[in-house]
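Residue numbers (full-length UniProt numbering): 1 to 759.
Presented below is the structure to which this report refers.
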Amino acid sequence: MTKANFKSTFYTIVLLLFFTPFVIGQTITVISLEDSQPIPGARITVQLNEKTYNFTTPINGELNIDKALTQKPLTMTISFMSYETKKLERLVISKDTAIALAPAVRQFDEVAITAQYKSQLVEKAVHNIKVIDRQKIDAMAAQDLKDVLTNELNVRLGEDNILGSSMQLQGIGGENVKILVDGVPLTGRLNGNIDLSQIPLESIERIEIVEGPLSVSYGTDALAGTINIITKKNQGKKFEVNSNNYFESSGKVNNTVSLGWQIKKHQIRLEGGRYFFDGWDPSHEAFHYNPKPIADSSRSLQWNPKEQIFGGINYRYNRKNTLFNYSGQLFNENIINRGMPRPPYQQAAYDDYYKTNRVNQRANFQYRFKDNYRLSFIAAYNGYFRQKNTKVRDLTDISDVISGNPSDHDTSQYHSFISRGSLIQTKSNKKINYEIGYDILYEIARGERILDGQQAIGDYAIYATAEYSPFKSLIIRPGIRYGYNSEYTSPVTPSLNIKYDLLQNDKQQLSLRASYARGFRAPSIKELHYVFVDINHNIVGNPDLEAEYANHFNLSLHQNIQLKDVKLKNKAVLFYNDIHQLITLAQASATEYSYFNLDRYTTTGIQLESNLNYKNITAGAGVGYIGRYNDLAEENSNSTDFLFSPEVKFNLQYNWEKIGLQTAVFYKYTGVLPNIRMNADGELYESKISDYHMADLTVSKFAWNKKLKFTMGVKNLFNVTSITGSASGEGAHSVSSGSVSIGMGRVYHFGIRLNINSK
């Protein structure tokens, strides 16, 4: 090469390097609003000067726009399957721009994110995930998490006047169910359970339920399953005002309001509400509230009066490669348990006051690299404060005096500090994607019934999962978690999930899912360091407790059929849970009780479920059959290994779009629940809780261009208030019976929802 040719080539390269950015113009990146992941294959249509240009985003979601299309007002339309189409008018592309698409969660197009590397359709997830969307929540007129779960298979609900609402999942108690809000666990359990009635639903977008352990990803308490409550992320409009007002004949009056703004890449949402319940018993008059103090025996109610006040703020910043989200909530609850007038003169009564405060704060930061790696960090604080006081009310002048008995009062505090971080690779053209991360949970408990007034426990873990797809129809996902705990030996937790597509075409998909997972539940601070000793109680914790652990096996077959206007989903599920070292309160000596790793508990079951969508009709039906077994069954010659209980559910929704009318019916049968128990004399007996039917009917009507929605309906159509629990045995303890509260009988409700927004 001559010197002149070299100079010519050199200058050409320099000019190309210098001018290429200006020729190419700017970069448009299409990402998912939910997790900021790139969307490859998105269709972009640009209209400029009566000309139309069509583009498709490459594998990294980034599209280089020609300079000729920049610096000028244009119309851009972005679309992709399972996402809402976005149209931007008079858009001027003057710099690199990220455009976020919101998932279009339509009927049967359910999107899940729990334990996933990115948000995706449920059909593509390797886990067996159930999604309850906002449409179903509204159709049920559900006010809290308990209301939503009343129509779910494998879920059995309980109610306590003091401890609140509890649940079983796959026959396993609520202490082994992890409840998350946007991936952050809630703290503050009473007798191991999160009170489901303390989780209002106004800001909830959907609820995801994963049955079976997710202990690799989420650690302790995720043994039976995980419920992840997903809050609203997509503002949708520049300004929104929502108000919901709900009234129930049982005495409930619920009012909520929320405000939302979208300013460029920033979203802010404020919300607040009050749930009021004046208490209920069979003599309660419908839609009647009497604020006057009661001085006779009618003051003691079957369902206690309750008031909940809550509020929150959510801030979200989303740009090309960065997502930041902060959310903070405050919750206050007051319950009054009024006592009966005391003999002989009926002039005084003991009233218990329960006050609960929750403080939840979480911050989430995500950064996406260009080669489809994502860093994610979560920092959170959850505070739980509960105070119980007993007052003596003088019924003659309606004055109160604090009880002088120390055991009538209790104050407890629980603080949890959480830090999670992970590195995730999500390349759709790669056979292997993975996640590696850490999980830190530090808990502090304070209270008069905690040893030395305060105890703390720290859990530090690392975990890793991978999804290997040797060919298109097969996904293999192993995982492992290793941790250190400051109070007990933390178990190594493995898992293995497999998804195989037996058939997949435009009309039908048939998939087989199989999984094994090791789950565990760490002993709580209460079980380790509880001290409650007075004239009537002698209960102490056990610092030598080990973690409960379980082996879980799951096999499921899923079929999705689509023929013109008909969409049908069928699934059959088999599961088996074997729990060891179950923590149980037992007698340690003649006068002392403590916690021990004593029992083994096993559940198994089958679930068949079908869901149909035809035009404006949505219907679903399912059957469940759950068996329970514990060590006591081996000692009872009259008992089989497993004691089974059936469940049946049905729901039907119709949307008459032409006149803005929606109707919905929900039904569930909960079968007889048998169990083997031991009485105080060491004798075994079989107990049974009776079966019952629950059904709800709701009708909704839109008005004012869908800005107003009127709802009315009936809950508990079969008028169930309580069911009997009976026990049989031998000798002096041959027969006993009692009742279990289920509901407040047939109740009527109506509501008004207002939604005003600007484009």
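Each residue gets a CB set at the ideal place from its N, CA and C atoms; glycine is no exception.
Alpha helix (DSSP H) segment containing residue i, residue limits
i, result
"Ala139", "134-139"
"Tyr218", "215-218"
"Val148", "145-149"
Reference residue i, options the options, closest by Cα
i, options, result
"Thr607", "Lys130, Pro103, Ala115", "Before going on, a small fix: residue 607 reads as Gln here, not Thr. Out of Lys130, Pro103, Ala115, Lys130 has the C-alpha closest to the C-alpha of Gln607."
"Asn64", "Asp195, Ile28, Asn151", "Ile28"
"Tyr384", "Pro40, Lys567, Pro185, Gly279", "Pro185"
"Leu451", "Val181, Ala461, His529", "His529"
"Thr77", "Glu89, Asp160, Leu69", "Glu89"
"Val492", "Ala514, Tyr468, Arg518", "Arg518"
"Gln346", "Gly312, Ser376, Arg393", "Arg393"
"Asn191", "Gly622, Pro523, Thr85, Gln455", "Pro523"
"Arg449", "Phe702, Ile525, Glu467", "Ile525"
"Ile436", "Ile199, Ala142, Thr57, Tyr218", "Tyr218"
"Ile432", "Pro470, Gly458, Tyr460, Thr411", "Pro470"
"His693", "Arg446, Lys715, Asp565, Thr711", "Lys715"
"residue 764", "Ile162, Leu717, Glu527, Pro73", "Because the chain here runs from 1 to 759, residue 764 falls outside it and cannot be looked at."
"Arg746", "Asp281, Asn49, Leu259", "Asp281"
Where residue i falls: helix, strand or coil (DSSP)
i, result
"Gly453", "helix"
"Glu285", "coil"
"Asn176", "helix"
"Leu33", "coil"
"Glu443", "strand"
"Pro344", "coil"
"Lys51", "strand"
"His127", "coil"
"Asp506", "coil"
"Ile525", "helix"
"Val648", "strand"
"Arg753", "strand"
"Arg189", "coil"
"Lys391", "strand"
"Leu69", "helix"
"Ser407", "helix"
"residue 760", "This structure cannot settle anything about residue 760, because the visible part of the chain is limited to 1 through 759."
"Gln26", "strand"
"Val492", "coil"
Exposure of residue i, with buried meaning 16 or more beta-carbon neighbours within 10 Å
i, result
"Gly404", "exposed"
"Gly41", "exposed"
"Leu503", "exposed"
"residue 763", "Residue 763 falls outside the range modelled here, since the chain spans only 1 to 759, and no answer is possible."
"Gly743", "buried"
"Glu211", "buried"
"Leu598", "exposed"
"Trp656", "exposed"
"Asn187", "Residue identity check: residue 187 is Thr in the sequence provided, not Asn. Answer is buried; the Cβ neighbour count reaches 16."
"Glu110", "buried"
"Lys615", "exposed"
"Met340", "exposed"
"His537", "exposed"
"Tyr117", "buried"
Beta strand (DSSP E) segment containing residue i, residue limits
i, result
"Glu271", "266-277"
"Asp400", "399-402"
"Asn318", "306-318"
"Val623", "617-630"
"Arg600", "593-614"
"Met712", "708-715"
"Glu62", "62-65"
"Tyr685", "684-689"
"Asn254", "252-263"
"Thr584", "566-587"
"Glu159", "155-160"
"His693", "692-703"
"Leu223", "Premise fails: Leu223 is in no beta strand (DSSP E) and is neither H nor E."
Q.
Does the stretch 156-171 come into contact with the stretch 599-616, if we say contact requires no fewer than three beta-carbon pairs (one atom in each stretch) closer than 8 Å?
A. yes
(Q) With three or more beta-carbon pairs closer than 8 Å as the criterion, would you say the stretch 305-313 touches the stretch 270-286? (A) yes
Q) Counting pairs of beta carbons, one from the stretch 550-563 and one from the stretch 572-588, are three or more of them closer than 8 Å? A) yes
(Q) With three or more C-beta pairs closer than 8 Å as the rule, is the stretch 578-594 touching the stretch 231-244? (A) no
Q.
When you compare the stretch 477-485 with the stretch 198-205, are there three or more beta-carbon pairs, one atom per stretch, that lie closer than 8 Å?
A. no
Q) Is the stretch 399-418 close to the stretch 191-198, with three or more CB pairs under 8 Å? A) no
Q. Any contact of the stretch 319-327 with the stretch 284-299, i.e. 3+ C-beta pairs under 8 Å?
A. no
Q.
Under 8 Å: do the stretch 495-512 and the stretch 535-547 share three or more Cβ pairs, one atom per stretch?
A. no
Q. Do the stretch 470-479 and the stretch 437-445 meet, that is, are 3 or more Cβ pairs less than 8 Å apart?
A. no
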